[in-house]
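What the sequence shown shows, in UniProt numbering, is residues 1 to 492, in sequence order.
Glycine included, each C-beta is placed from N, C-alpha and C at the ideal position.
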Amino acid sequence: MDPYKYRPSSAHNTQYWTTNSGSPVWNNNSSLTVGARGPILLEDYHLIEKIAQFDRERIPERVVHARGASAKGFFEVTHSVSHLSCADFLRAPGVQTPVIVRFSTVIHERGSPETLRDPRGFAVKFYTREGNFDLVGNNFPVFFVRDGMKFPDMVHALKPNPKSHIQEIWRILDFFSHHPESLHMFTFLFDDVGIPQDYRHMDGSGVNTYTLINKEGKSHYVKFHWRPTCGVKCLLDDEAVVVGGKNHSHATKDLYDAIAAGNYPEWKLYIQTIDPDHEDRFDFDPLDVTKTWPEDILPLQPVGRLVLNKNIDNFFAENEQLAFCPAIVVPGIHYSDDKLLQTRIFSYADTQRHRLGPNYLMLPANAPKCAHHNNHHEGFMNFLHRDEEVNYFPSRYDPARHAESFPIPSAILTGRREKTVIEKENNFKQPGERYRSWDAERQERYIHRWVESLSDPRVTHEIRSIWLSYWSQCDRSLGQKLATRLNIKPSM
Ligand code: HEM
1 MDPYKYRPSS AHNTQYWTTN SGSPVWNNNS SLTVGARGPI LLEDYHLIEK IAQFDRERIP
61 ERVVHARGAS AKGFFEVTHS VSHLSCADFL RAPGVQTPVI VRFSTVIHER GSPETLRDPR
121 GFAVKFYTRE GNFDLVGNNF PVFFVRDGMK FPDMVHALKP NPKSHIQEIW RILDFFSHHP
181 ESLHMFTFLF DDVGIPQDYR HMDGSGVNTY TLINKEGKSH YVKFHWRPTC GVKCLLDDEA
241 VVVGGKNHSH ATKDLYDAIA AGNYPEWKLY IQTIDPDHED RFDFDPLDVT KTWPEDILPL
301 QPVGRLVLNK NIDNFFAENE QLAFCPAIVV PGIHYSDDKL LQTRIFSYAD TQRHRLGPNY
361 LMLPANAPKC AHHNNHHEGF MNFLHRDEEV NYFPSRYDPA RHAESFPIPS AILTGRREKT
421 VIEKENNFKQ PGERYRSWDA ERQERYIHRW VESLSDPRVT HEIRSIWLSY WSQCDRSLGQ
481 KLATRLNIKP SM
């Protein structure tokens, strides 16, 4: 038997038990008491250290996406995209980059069931030679709202009622009745794909519009899409009840077991691109996160494949402490002016400074795997050993210099200060098209879920009528069917 198999691999192992500071522990079973039956002495440092450490084992859970599973593997370029991006990790077919991926549900707590109707997170950290690239996406290609200003209210409406701590549909339908831009997202959430079978059988999408830039400085807007090679599979509502009733961690287990058995999950990465000079040619704004880009006019272009072939060694280190951020990009990939993305650029690093501390990027799962250097230093839990005397820049004593410059989008930005909405709202067309693309049974299941939700006794007549009007504007027959089932007149 390997004597170290059950020991932390990172510690300097001793043959005997010690305190955190390394002093020998001769008894790890009994507290130090006055006599055999007397009170415990405060000087039992080992006991106090052990209990205090235990008391602090949990860190704050993610404010959203608290429940998740992660795995490691690689990304391999299969098709050249160097005409679109100068990103080093995309430089040529065959190039592989290590990755860690975290799948998640969104709304409920860290221990909640994985069978709930909810979007799924699909976050990929590429450890490239030019630093990390975090593609922090979801399984659906669109989002509920267009402006980050609405995100906290949106999450509050979707989260449990602050009084009862129960997720309640009347609060959700109330909030979103003010936001017809959410209709498209609801055609995913209330569709069969609203409960993926597990994490291996679902699509992924970067959702937001990013920018690719080639070495000549030419930009293209881009959307990223993951497609599982084993196909998309979902759970119908009653199947989800059975699966979740048996095991509330079924998707985590499925991912872990598949990888342990050598049945490695794989996704293909595709992109869609738009030349920013052509951004006005569409009936939607390419920076509107509630829209998909039609594949018939903006075809999917293959880029590479993602293979997950290694389970994580430690859930806390590689899941709880794993921290993604859409602001973490590499040369050749930039943001766009997508309002939602712009807010996300701030939000993630901010929440992690709160959740994990200011040095969260030093944690092994989050640190780049390439050489890196700057003078940001000190702060809570800084465990880097540094011995330099020059911690400022520039200096004639320190040879560290700027990296070579790389292109960033060069479009001229002008405009008045304003708080406004995206002009081409076009809220009803794409949800209607999506509904009409389904067969009759799928449409029926969709209608059934809406009838059930709109029948909640706390949904008022006004809110019900607004939703009917919205769905009628997406598709007249959908509105009529809902009106008949709910026994009300469509008000459009
Ligand atoms: C302005 C809009 C948004 C804000 C302010 C926001 C904020 C957040 C925050 C604070 C977290 C917790 C991060 C952590 O503690 O590690 C998070 C997680 C996450 N968000 Fe967002 N989010 C927004 C929109 C989106 C969108 C559009 C997507 C999909 C593209 C998305 C996907 C994710 C994913 C996948 C995670 C979990 C990452 C992980 O596995 O650790 N979010 N978001």
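Any non-hydrogen atom of the ligand HEM closer than 7 Å to THR209 Cβ: Here residue 209 refers to the residue found at position 209 when the sequence shown is read from its first residue. Not so, every heavy atom of the ligand HEM lies at least 7 Å from the Cβ.
Supposed contact pair ARG200 and CYS230 - C-beta distance, whole angstroms, cut 8 Å: Counting from 1 along the sequence shown, the entry for residue 230 is found at position 230. Counting from 1 along the sequence shown, the entry for residue 200 is found at position 200. CYS230 to ARG200, Cβ: 6 Å. Contact.
Straight-line Cα distance separating ASP456 from VAL330: By one-based count along the sequence shown, residue 330 stands at place 330. By one-based count along the sequence shown, residue 456 stands at place 456. One C-alpha to the other measures close to 47 Å.
First and last residue of the uninterrupted alpha helix (DSSP H) at GLU444: Translated into positions along the sequence shown, residue 444 becomes position 444. For GLU444, the enclosing alpha helix (DSSP H) has its first and last residue at 440–454.
ASN138 in three-state terms, based on DSSP: Within the sequence shown, residue 138 is the residue found at index 138, counting from 1. ASN138 falls in the strand class under three-state DSSP.
Check whether VAL63 and THR343 have beta carbons under 8 Å apart: By one-based count along the sequence shown, residue 63 stands at place 63. By one-based count along the sequence shown, residue 343 stands at place 343. No, these two residues do not count as a Cβ contact at 8 Å.
Sequence ranges, beta strand (DSSP E) only - wholly within the stretch 6–81, length at least 3: Listed in chain order, the complete beta strand (DSSP E) runs (minimum 3 residues) inside the stretch 6–81 are 68–77.
Reference PRO98; option with closest CA among LEU478, LEU468, LEU306, ASN427: Sequence index remark: in the sequence shown, residue 98 carries index 98 (1-based). Relative to PRO98, the option among LEU478, LEU468, LEU306, ASN427 whose CA is nearest is LEU306.
Cα-Cα separation, ILE274 to LYS223: The residue you call residue 274 lines up with position 274 of the sequence shown. The residue you call residue 223 lines up with position 223 of the sequence shown. Approximately 9 Å between the Cα atoms of the pair.
Cβ-based burial, THR115 [other Cβ within 10 Å; buried from 16]: Translated into the one-based positions of the sequence shown, residue 115 becomes position 115. Looking at its Cβ environment, which holds 16 or more other Cβ atoms inside 10 Å, THR115 is buried.
Inter-residue spacing [alpha-carbon to alpha-carbon] between MET381 and LEU135: For the purposes of this step, residue 381 is taken as residue 381 along the sequence shown, with counting starting at 1. For the purposes of this step, residue 135 is taken as residue 135 along the sequence shown, with counting starting at 1. Using only the alpha carbons, I get a separation of about 27 Å.
LYS215 versus ASP174, THR187, SER85, residue with shortest Cα-Cα distance: In the sequence shown, the residue the question calls residue 215 occupies position 215. Nearest C-alpha to LYS215: SER85.
Expected contact under 8 Å - CB spacing of LEU308 and LYS72 to nearest Å: For this step, residue 308 is matched to residue 308 along the sequence shown. For this step, residue 72 is matched to residue 72 along the sequence shown. Confirmed, about 7 Å.
CB of PHE428 within 8 Å of CB of LEU189, strictly: For this step, residue 428 is matched to residue 428 along the sequence shown. For this step, residue 189 is matched to residue 189 along the sequence shown. Between PHE428 and LEU189, the C-beta spacing is not below 8 Å.
Whole-angstrom distance between ALA365 and ILE169, CA atom to CA atom: In the sequence shown, counting from the first residue as 1, residue 169 sits at position 169. In the sequence shown, counting from the first residue as 1, residue 365 sits at position 365. Taking the straight line joining both Cα atoms gives about 37 Å.
Best match in THR290, THR460, TRP450 for proximity to ASP191 [C-alpha to C-alpha]: Numbered from 1 along the sequence shown, position 191 holds the residue referred to as residue 191. Ranking THR290, THR460, TRP450 by Cα distance to ASP191 puts TRP450 first.
DSSP-derived helix/strand/coil call for HIS178: Residue mapping note: residue 178 aligns to position 178 of the sequence shown, counting from 1. In the three-state scheme derived from DSSP, where H, G and I count as helix and E and B as strand, HIS178 is classed as coil.
C-beta neighbour in chain D for PRO364, strict 8 Å: Of the protein chains in the structure, only one exists, and it is not chain D.
For ASN314, the nearest candidate out of LYS481, ALA69, HIS46, SER177 (CA to CA): Taking the first residue of the sequence shown as position 1, residue 314 is located at position 314. Answer by Cα proximity: ALA69.
Check: GLN321 C-beta below 7 Å from any heavy atom of the ligand HEM: Within the sequence shown, numbered from 1, the residue matching residue 321 stands at position 321. No, Cβ of GLN321 sits at least 7 Å from all heavy atoms of the ligand HEM.
Exposed unless 16 or more other CB atoms sit within 10 angstroms - verdict on VAL421: Residue 421 sits at position 421 when you count from the first residue of the sequence shown. Label assigned to VAL421: exposed.
Proximity below 8 Å, CB of CYS370 to CB of ALA349: By 1-based counting over the sequence shown, the position of residue 370 is 370. By 1-based counting over the sequence shown, the position of residue 349 is 349. CYS370 is not a Cβ neighbour of ALA349, given a cutoff of 8 Å.
GLN272 - partner residues in DSSP beta bridges: Locating residue 272 in the sequence shown gives position 272, counting from the first residue. Its beta-bridge partners are LYS223.
8 Å Cβ cutoff met for THR211 and TYR335: Residue 211 sits at position 211 when you count from the first residue of the sequence shown. Residue 335 sits at position 335 when you count from the first residue of the sequence shown. In this structure, TYR335 lies closer than 8 Å to THR211 by Cβ.
Alpha-carbon spacing of LEU42 relative to GLY332, whole angstroms: The sequence position of residue 42 within the sequence shown is 42, counting from 1. The sequence position of residue 332 within the sequence shown is 332, counting from 1. Going by the C-alpha atoms only, they are around 58 Å apart.
Identity of the residues DSSP links to ARG102 by a beta bridge: As a working mapping, residue 102 is identified with position 102 in the sequence shown. Paired residues: SER70, ALA123.
The stretch 253–272 touching the stretch 294–305, judged by at least three CB pairs closer than 8 Å: Touching, per the Cβ criterion.
CA-to-CA distance, GLU239 to GLY245, given in whole angstroms: Within the sequence shown, the letter at position 245 stands for residue 245. Within the sequence shown, the letter at position 239 stands for residue 239. GLY245 and GLU239 have their alpha carbons spaced roughly 10 Å apart.
Delimiting residues of the alpha helix (DSSP H) encompassing LEU322: On the sequence shown, residue 322 is found 322 positions in, with the first residue counted as 1. For LEU322, there is no enclosing alpha helix (DSSP H), as DSSP marks it with neither H nor E.
Distance cut-off 7 Å: THR484 Cβ against heavy atoms of the ligand HEM: Position 484 of the sequence shown holds residue 484. Relative to the ligand HEM, even the nearest heavy atom lies 7 Å or more away from the CB of THR484.
Cβ contact check for the stretch 53–63 and the stretch 88–102: 3 or more pairs under 8 Å: Touching, no, given that fewer than three Cβ pairs across the two stretches are closer than 8 Å.
Any non-hydrogen atom of the ligand HEM within 7 Å of SER31 CB: Position 31 of the sequence shown holds residue 31. For SER31, the shortest C-beta to heavy atom distance toward the ligand HEM is 7 Å or greater.
Residue environment, ASN20, which counts as buried when at least 16 other CB atoms sit within 10 Å: Here the question's residue 20 lines up with position 20 in the sequence shown. Exposed.
ARG417 - DSSP class collapsed to helix/strand/coil: Residue mapping note: residue 417 aligns to position 417 of the sequence shown, counting from 1. Coil, per DSSP.
Classification of residue 494 by the beta-carbon crowding that lies within 10 angstroms, buried from 16 upward: Nothing can be reported for residue 494: it is not among the residues displayed for the chain, which extend from 1 to 492.
Cβ distance (whole Å) where GLN167 is taken to contact ILE107 below 8 Å: Counted from its first residue, the sequence shown places residue 167 at position 167. Counted from its first residue, the sequence shown places residue 107 at position 107. Right, the Cβ-Cβ distance comes to about 7 Å (below 8 Å), so this counts as a contact.
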